[in-house]
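Only one structure is covered here, and it is reproduced in the block below.
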Amino acid sequence: TAGMASPADPPATFVVEVKHGKDAMKIDVATDETVASLMETIQDRLGVLTKHQKLLAKGKVLEASKSIAAQACKGGEATPGGKVTVMLMASKGGGGGGAPAP
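Anchor point for the sequence shown: position 38 equals 597 in the numbering used here, and the numbering is continuous, going up by one each time.
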């Protein structure tokens, strides 16, 4: 009778669908996960370095130090089991390129 007397709370997660060009990938994240953590996951999966990533949701660039939910979800709260879409803008390389070779 002990053990599951009170309902156990599973870790609350929701799905972030990251759209990059024509590709999209779904990533399960904790409701309190930060954008920086999501960027690390994107780097691992897509090979796009975090410094070259710009994530947008609801028309705004997401701040790495804040939670995904606070910036991308309605009312700033993630719904466990819910889904939010984020656009990934990736810059190529590390900075300025000159004119192409003739």
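Backbone N, C-alpha and C define an ideal beta-carbon position, used for all residues, glycine too.
Here the structure is a predicted model, which is why all the values come from computation and not from measurement.
DSSP bridge partner residues for residue i (one or two, in chain order)
i: A583; result: K578
i: A616; result: K619
i: A589; result: T572
Residue burial classification, residue i (beta-carbon count within 10 angstroms, cutoff 16)
i: S650; result: exposed
i: V620; result: exposed
i: M598; result: buried
i: S624; result: exposed
Span of the alpha helix (DSSP H) around residue i
i: A628; result: I627 to A631
i: A595; result: V594 to L605
Supposed close pair residue i, residue j - CB separation, criterion 8 Å
i: K585; j: V594; result: About 17 Å separates the two Cβ atoms, so there is no contact after all.
Extent of the continuous beta strand (DSSP E) run through residue i
i: A649; result: K642 to A649
Any chain D beta carbon closer than 9 Å to residue i
i: Q612; result: In the displayed structure, chain D is absent; only one protein chain is listed.
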